[in-house]
Amino acid sequence: MGLRIQALGLRTRILNSETEEEAAHQWHNWLRQRTRWQKGWIQTYAVHMRQPLKMLRALGVFRFLGFQAMMGGLILSPVSHLVFMALLLVGLWQGWYLAILDDPTDRAITLVAVFNLFLGYGASLSLGILAVATQGWPEMRRAVLAMPIYWLAMAVAFLRAIGQLFTDPFAWEKTEHGVSGLVRRATRR
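Each residue of the sequence shown is one higher than the one before, starting from 0 at the first, in numbering that gives the first Met the number 0.
Dropping the structure here:
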């Protein structure tokens, strides 16, 4: 909806508000929710990119690129994390990384890749820790360190979403609510 409003030359704003939603506490419930989200993001991207030049003209270059980064990132980040982890594990198992150390060019490329890896993971984890600290949730700091596992779980949801797009594109798995027995109220400052 926001893209269509933007394409009409209008603007949207974000309200400074909090929601009191229940998070999905069970794996099967969480997986259905994230699969539904991934499926929706893929469909949204596909619909808006049917005529990319028309969209580029309607949004302008910077907003068009912002759409690519936002929606493309939502779609590609889970699968890229899965591919990265698979390559890392296979490389460690097969000993590829030891062979890389013999060639100076490979060694330099590997150092840049490792630097980028630590920078990316470090930035993501740092932002997560900062977010829980500013919200007054210090007990969540350790959970932030599990973000790479969360990203792998998002890859599972992505793969399920792709499968559903081919087998049942119009079905939407629902999320059960009220199953945790806990509803955390947001604290206002």
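Even for Gly, the Cβ is constructed at its ideal location relative to N, Cα and C.
Whole angstroms is fine: what's the gap from residue 3's alpha carbon to residue 70's? Answer to the nearest angstrom: the Cα atoms are 15 Å apart.
Could you check how far apart the C-beta atoms of residue 23 and residue 174 are, in whole angstroms? I think they sit under 8 Å. Between residue 23 and residue 174 the beta-carbon gap is near 6 Å, inside 8 Å, which marks them as a contact.
Endpoints, alpha helix (DSSP H) assigned at residue 128: Residues 103-133.
Taking all protein chains shown into account, do 16 or more other C-beta atoms lie within 10 angstroms of the C-beta of residue 176, making it buried, or fewer, making it exposed? That one is exposed.
CA-to-CA distance, residue 36 to residue 59, given in whole angstroms: As the crow flies, the alpha-carbon of residue 59 is around 27 Å from that of residue 36.
Rounded distance between the beta-carbons of residue 163 and residue 38, thought under 8 Å: That belief holds up - the Cβ atoms of residue 38 and residue 163 are roughly 6 Å apart, short of 8 Å.
Alpha carbon to alpha carbon, how far is residue 80 from residue 112? Give it in angstroms, no decimals. One alpha carbon belongs to residue 112, the other to residue 80, and they sit about 14 Å apart.
Going by alpha carbons, who is nearest to residue 73 out of 27, 167, 160 and 168? Here the closest residue by C-alpha is 160.
Taking the C-alpha atoms as reference points, what is the distance between residue 99 and residue 88? The straight-line gap separating the alpha-carbon atoms of residue 99 and residue 88 is approximately 15 Å.
Rounded to whole angstroms, how far is the Cβ of residue 146 from the Cβ of residue 127, which I believe are closer than 8 Å? Contact annotation, residue 146 with residue 127: C-beta distance approximately 6 Å; criterion of less than 8 Å satisfied.
When you compare the CB positions of residue 30 and residue 130, do they come within less than 7 Å of one another, or not? No, they are not a contact pair.
Beta-carbon separation (whole angstroms), residue 139 vs residue 33, contact threshold 8 Å: A Cβ-Cβ separation of about 19 Å leaves residue 139 out of contact with residue 33 under the 8 Å criterion.
Measure the Cβ-Cβ separation of residue 63 and residue 52 and say whether it is below 7 Å. Annotated as distal: residue 63 and residue 52, with beta-carbon spacing of 7 Å or more.
In the DSSP assignment, find the unbroken alpha helix (DSSP H) run with residue 76 in it and report its ends. From DSSP, the alpha helix (DSSP H) with residue 76 extends over 60-93.
Got a sec? Which residues, its chain only, sit under 7 Å from residue 26 by beta carbon, not counting five neighbours each side? Contacts found: none.
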